[in-house]
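Numbers given in the working numbering equal positions in the sequence shown, counted from 1, plus 441.
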Amino acid sequence: MEHRVCLVLVFVALITKEAMAAQHVVGGSQGWEESTDFSSWASGQKFKVGDQLVFKYTSGLHSVVELGGESAYKSCGLGTALNSMNTGNDVVKLNKPGTRYFACGTLGHCGQGMKVKITVESGTAPSTPESPSSSSSSSPAASSASAMHNYFAAFVLLTALVAPSLLYMF
């Protein structure tokens, strides 16, 4: 019995942590495009460990390059790339606190401002939802539905594991 309760508590903790993570569509509704003001967009967000960045753009027109540091970010030094992505729907998990730097790998785009600096905070508190002016294609209703699905799954598992033991009590 105690083993089942511990297992359920671990499972619920894992689901809760996942439900609290946020997906940030870089650039909000405009996405990863040249006309987006990425500095303003990033300043309106709160990024936590466990959150994800989603870069949405036209594949072949743009790409995403993660840069090695502040100097490469400032100078658009694409030669120091830590990672390069080009699917048009790239997801980057923010797995530790610190600052990360991203730029478009298409010639000239970084110099025109197509770059973003992300500061990731430690902690497990829920991330700040995006404001309507920087909304993403993922609606608050969809996020709530996803969280509700996770909570329902935890409830079903908890019931399945604990209910048989409760029957013996009565």
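Cβ atoms here follow ideal geometry from the backbone N, Cα and C, with glycine treated the same way.
Presumed contact (8 Å Cβ cut-off) between K497 and G546, rounded CB distance: Incorrect: roughly 16 Å between the Cβ atoms, too far for contact.
Scan the stretch 458-519 and note each continuous beta strand (DSSP E) run of 3 residues or more that stays entirely inside, going in chain order. 464-466, 493-497 and 505-508
For G564, name the three-state secondary structure that DSSP assigns. It is coil, neither helix nor strand.
Opening and closing residue of the beta strand (DSSP E) in which K534 lies: Counting along the chain, the beta strand (DSSP E) containing K534 begins and ends at N530 to K534.
Assigned exposure category for K556 - 16 Cβ within 10 Å defines buried: buried
Would DSSP call G552 helix, strand or coil? helix
Quick one: Cα of D531 to Cα of F488, how far? Computed Cα separation, rounded: 17 Å.
What's the call for G491, buried or exposed, on a 16-neighbour Cβ count within 10 Å? buried
In the structure shown, what three-state DSSP assignment does T521 receive? helix
Cβ shell of T569 (< 6 Å), same chain only, five flanking positions each side left out: At T569, the pLDDT of 47 sits below 50, so the modelled position is not reliable; the number obtained from the coordinates is stated separately. If we look at T569 and ignore the five residues flanking it on each side, its Cβ neighbours are K487.
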